[in-house]
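This report refers to the structure that appears directly beneath it.
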Amino acid sequence: MVELTVDGNKVEVPEGSMVMHAAQKLGQYVPHFCYHKKLSIAANCRMCLVEVEKAPKALPACATPVTNGMVVYTNSEKAKAAQKSVMEFLLINHPLDCPICDQGGECQLQDLAVGYGGSASRYHEEKRVVFHKDLGPLVSAEEMTRCIHCTRCVRFGQEIAGVMELGMINRGEHSEITSFVGRAIESELSGNMIDLCPVGALTSKPFRYSARTWELARRRAVSPHDSLGTNLVVQVKNDKVLRVVPFENEALNECWLSDRDRFSYDGLNADDRLATPMIKGAGGEWQEASWSDALQAVAQGLSRVRDNFGGGQIGALATEYATTEEYALLGRLVRALGSENIDFRLRQTDPAFGAALSGAPWLGMPVADLDTLDRVLVVGSVLRKDHPLMAQRLRQAAKRGTQVLLVDSIADDPLMPITARLTVAPSALPRALAEITVALAQAKGQETPAEFAGVVPGEQAKLIAASLASGTQSAVLLGNQAVASPQATVLAANAQCIATLAGARLGFLTAGGNTVGGYLAGAVPGKGGKTAAAMLADPLKAYIVLHAEPLLDADNGAQAVAALREAQFAVALTPYRSAAAEWADVMLPVAPFTETSGTFVNAQGLAQSFKGTVVPFQQTRPAWKVLRVLGNVLQLPGFDDETSESVRDVVLSGGLEGRLSNSVNAAPGLGEALGTLERVADMPIYRSDAIVRRSEPLQAAPASRPPAARMNGQTLASLGLTAGIKVRVRSATGSVELETVQDETVADRAVRVSAGFEQTAALGGAFGEISVERA
Numbered sequence: 007m008v009e010l011t012v013d014g015n016k017v018e019v020p021e022g023s024m025v026m027h028a029a030q031k032l033g034q035y036v037p038h039f040c041y042h043k044k045l046s047i048a049a050n051c052r053m054c055l056v057e058v059e060k061a062p063k064a065l066p067a068c069a070t071p072v073t074n075g076m077v078v079y080t081n082s083e084k085a086k087a088a089q090k091s092v093m094e095f096l097l098i099n100h101p102l103d104c105p106i107c108d109q110g111g112e113c114q115l116q117d118l119a120v121g122y123g124g125s126a127s128r129y130h131e132e133k134r135v136v137f138h139k140d141l142g143p144l145v146s147a148e149e150m151t152r153c154i155h156c157t158r159c160v161r162f163g164q165e166i167a168g169v170m171e172l173g174m175i176n177r178g179e180h181s182e183i184t185s186f187v188g189r190a191i192e193s194e195l196s197g198n199m200i201d202l203c204p205v206g207a208l209t210s211k212p213f214r215y216s217a218r219t220w221e222l223a224r225r226r227a228v229s230p231h232d233s234l235g236t237n238l239v240v241q242v243k244n245d246k247v248l249r250v251v252p253f254e255n256e257a258l259n260e261c262w263l264s265d266r267d268r269f270s271y272d273g274l275n276a277d278d279r280l281a282t283p284m285i286k287g288a289g290g291e292w293q294e295a296s297w298s299d300a301l302q303a304v305a306q307g308l309s310r311v312r313d314n315f316g317g318g319q320i321g322a323l324a325t326e327y328a329t330t331e332e333y334a335l336l337g338r339l340v341r342a343l344g345s346e347n348i349d350f351r352l353r354q355t356d357p358a359f360g361a362a363l364s365g366a367p368w369l370g371m372p373v374a375d376l377d378t379l380d381r382v383l384v385v386g387s388v389l390r391k392d393h394p395l396m397a398q399r400l401r402q403a404a405k406r407g408t409q410v411l412l413v414d415s416i417a418d419d420p421l422m423p424i425t426a427r428l429t430v431a432p433s434a435l436p437r438a439l440a441e442i443t444v445a446l447a448q449a450k451g452q453e454t455p456a457e458f459a460g461v462v463p464g465e466q467a468k469l470i471a472a473s474l475a476s477g478t479q480s481a482v483l484l485g486n487q488a489v490a491s492p493q494a495t496v497l498a499a500n501a502q503c504i505a506t507l508a509g510a511r512l513g514f515l516t517a518g519g520n521t522v523g524g525y526l527a528g529a530v531p532g533k534g535g536k537t538a539a540a541m542l543a544d545p546l547k548a549y550i551v552l553h554a555e556p557l558l559d560a561d562n563g564a565q566a567v568a569a570l571r572e573a574q575f576a577v578a579l580t581p582y583r584s585a586a587a588e589w590a591d592v593m594l595p596v597a598p599f600t601e602t603s604g605t606f607v608n609a610q611g612l613a614q615s616f617k618g619t620v621v622p623f624q625q626t627r628p629a630w631k632v633l634r635v636l637g638n639v640l641q642l643p644g645f646d647d648e649t650s651e652s653v654r655d656v657v658l659s660g661g662l663e664g665r666l667s668n669s670v671n672a673a674p675g676l677g678e679a680l681g682t683l684e685r686v687a688d689m690p691i692y693r694s695d696a697i698v699r700r701s702e703p704l705q706a707a708p709a710s711r712p713p714a715a716r717m718n719g720q721t722l723a724s725l726g727l728t729a730g731i732k733v734r735v736r737s738a739t740g741s742v743e744l745e746t747v748q749d750e751t752v753a754d755r756a757v758r759v760s761a762g763f764e765q766t767a768a769l770g771g772a773f774g775e776i777s778v779e780r781a
């Protein structure tokens, strides 16, 4: 430790620290623009100049290393004179357009100009003008004349997002920040540049000119879009969500936000919000109804099916971002009706997976522990798109020396150093893990599992095994694609073998914002109950569907809609009319996460409760209240809860000790490789759920481009095809016409066709054999 004196106060900081760190430890504010605690030091704004005893001139606090006995003055006349001089230079070319600037009221330059700026400018020459840039649908760079060249946005791209999309050209007064040859910003973390920009040069394009910052009410919330449980500040005006920014939580999202979490709010205000309960008439026309009439219609429909066919013909389907309270009451409702058919895992296809689990699958460690791993094997995940902020943590760990190992079917660039990678067709993933297991057993001098007799590891499998064998803090993490696979049980069992041999922790990245909460609340089939896939493959007589948009949320959307249309009665609890109008008999408008209270349990098993941030839209009601009242209308026992907290407390009573478990009760195996052309279905980041799919800015982003038939060059050649032509892709359930794209990230004998789009829903399941022919 190094001891120094800052403004008369002694302070100790680690060796290698800067004067800025010492001042911050004392709670002493030093004005700055370019410095940011998460970014490298640039020292190019010079606003943090301070007086250091015996130094001939003022020095930048952010870039001056501390030494023993150093004496620093941050507020002396010399320091203030230097800071005021810098401010005068910064304001030379800055436009005086605060009244129309979106940054007005939360602008660092504006704030510091009050304390360090002059009352009048001595600069009377012509001011420079910088031409605006088009950075895409999310980040606005319309007034780049405001830029003060702090380079925070440039450093963020390189160091945090992992891709340099902005840079500086020219020199001196002619310097300007620009993208590469007019390209848009495509990073899934690009919105953080808006937060980092200390002036109004980079602002939010969807929020542009919507409100002044002082008009916005700020309320805490939790993101439902992935399993991190990102903490949000939802900003509201006139009961409408107008902006979302991060709430700093070092243990989860640090100070960052993914673009999916930041800009999905636009989907909350979509045109197809369901405003009132609707009942389908005898002729198929929709009629508005009162809540009492709609609930009576639901009660009669469910009672009729139960009385005529038994409770076992009623099924409940939910999504992975319903709240824990909603899951609990939905499970309570269907079980009181005599059914065990309830499931929220709409994309899961392995019927044996649930039985193989001994508890709720979870990350197996706190999220912050990802920083401390020295070896991590990720199986079946497009990390940047499925879990953007977990990918960011692993990116920082990889820069510090963590060896990242990947087994997948899509070799998308994770924008971090990769030690070894094995990319195979989806049906060959179990064998790929078997090869790693055999190589690891050989490296450790241990016995190879009998199930893997005859397996000969390839070169990449040996590299992965050697890396894991040399690690001391290791983890094996199963991603969304692995869990959704028809061979999920075998994959999990094989991953458990690898983790055991390597002395590593086994974890599940988990797909939705409340996957762990769904397990804890019992929203999975009980004894004799059917999984979501089974309920839709062998249609039931009645369905209760919560939040889901079956065509795009279920693994086989076309089959799901057909099953719901065949049912004698189907009720949709949904915020969106278009999600259910095709198949429902009754639609009940329920609140998205911003209009209800509830709890999400993230991948690490942390329960985070939140309140509604805006008043529910028109006649929308919180889904937990709707389910509770429906239980009362049906005269079922156990529906007396007055608050969502009382429902939550029942679910989480006794804590989570022993309820979270990644132990897999299944034998490892080689699975069944298809040996034919098969589909790889990725879930594009901005097509993952109903709210995100309705956000116009996100749908305009490059990541939401229309689906194509993407194959590597070898697969294209073997089919006698070339890139850029129309082909017909056929599966067992249907066919679609798509354009071919040569994509070397796709495994051999595989065709990448994205899920989550109406255009590809006819292909059915995300896995299985397909054929491709010229259209």
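Take 7 as the starting number for the sequence shown in the numbering used here and just add one per residue. Even glycine gets a Cβ: it sits at the ideal position worked out from N, Cα and C.
May I ask you to report which of helix, strand or coil DSSP gives residue i?
| i | result |
| --- | --- |
| N500 | helix |
| D272 | helix |
| F39 | coil |
| S185 | strand |
| W630 | helix |
| Q641 | coil |
| D349 | strand |
| R693 | helix |
| T789 | The structure shown does not extend to residue 789, since the chain spans only 7 to 781, so no value can be given for it. |
| G513 | strand |
| V8 | strand |
| K139 | strand |
| D414 | strand |
| R152 | helix |
| P394 | helix |
| P436 | helix |
| P105 | helix |
| N237 | strand |
Residue i and residue j look like a contact to me (Cβ under 8 Å); what is the Cβ gap, rounded to whole Å?
| i | j | result |
| --- | --- | --- |
| N486 | L439 | Contact flag wrong, Cβ pair sits at about 16 Å. |
| P531 | E332 | Not quite, the Cβ-Cβ distance comes to about 17 Å (not below 8 Å), so this is no contact. |
| T355 | A227 | No, T355 and A227 are not in contact; Cβ-Cβ is about 32 Å, not under 8 Å. |
| I191 | E171 | 5 Å |
| G110 | N608 | Incorrect: roughly 35 Å between the Cβ atoms, too far for contact. |
| L411 | T425 | 6 Å |
Between residue i and residue j, what straight-line distance do the alpha-carbon atoms span, to the nearest angstrom?
| i | j | result |
| --- | --- | --- |
| M76 | M422 | 39 Å |
| Q765 | A715 | 12 Å |
| P230 | L395 | 14 Å |
| L336 | G289 | 30 Å |
| S216 | Q624 | 22 Å |
| V242 | E221 | 8 Å |
| G460 | K536 | 37 Å |
| R338 | A569 | 23 Å |
| Q452 | G774 | 35 Å |
| V592 | E555 | 15 Å |
| R427 | R189 | 30 Å |
| A447 | G675 | 15 Å |
| V340 | F606 | 22 Å |
| K84 | A64 | 7 Å |
| T157 | G178 | 14 Å |
Okay, do the region 558-572 and the region 597-614 touch, 3+ Cβ pairs below 8 Å being the bar? no
If you pair each beta-carbon of the region 677-694 with each one of the region 120-139, do three or more pairs fall below 8 Å? no
Whole beta strand (DSSP E) elements within the region 748-778, 3-residue minimum: 756-758
Just list the alpha helix (DSSP H) runs in the region 197-227, keeping only unbroken ones of 4 residues or longer that don't cross its boundaries, in chain order. 198-202
Any beta strand (DSSP E) of 3 or more consecutive residues that is wholly inside the region 671-724: 684-686, 715-717
Sequence ranges, beta strand (DSSP E) only - wholly within the region 572-628, length at least 3: 575-580, 592-595, 604-607, 613-616
Write down every uninterrupted run of the beta strand (DSSP E) in the region 525-578 whose length is 3 residues or greater and which is fully enclosed by it, in chain order. 548-552
Are three or more beta carbon pairs between the region 575-590 and the region 537-552 nearer than 8 Å? yes
At least three beta-carbon pairs within less than 8 Å, the region 20-40 to the region 55-70: yes
Would you call the region 767-781 and the region 669-685 in contact, with 3 or more CB pairs under 8 Å? yes
So, does the region 396-411 touch the region 639-657, judging by three or more C-beta pairs under 8 Å? no
Pair every Cβ in the region 711-729 with every Cβ in the region 746-760, then say whether three or more of these pairs are closer than 8 Å. yes
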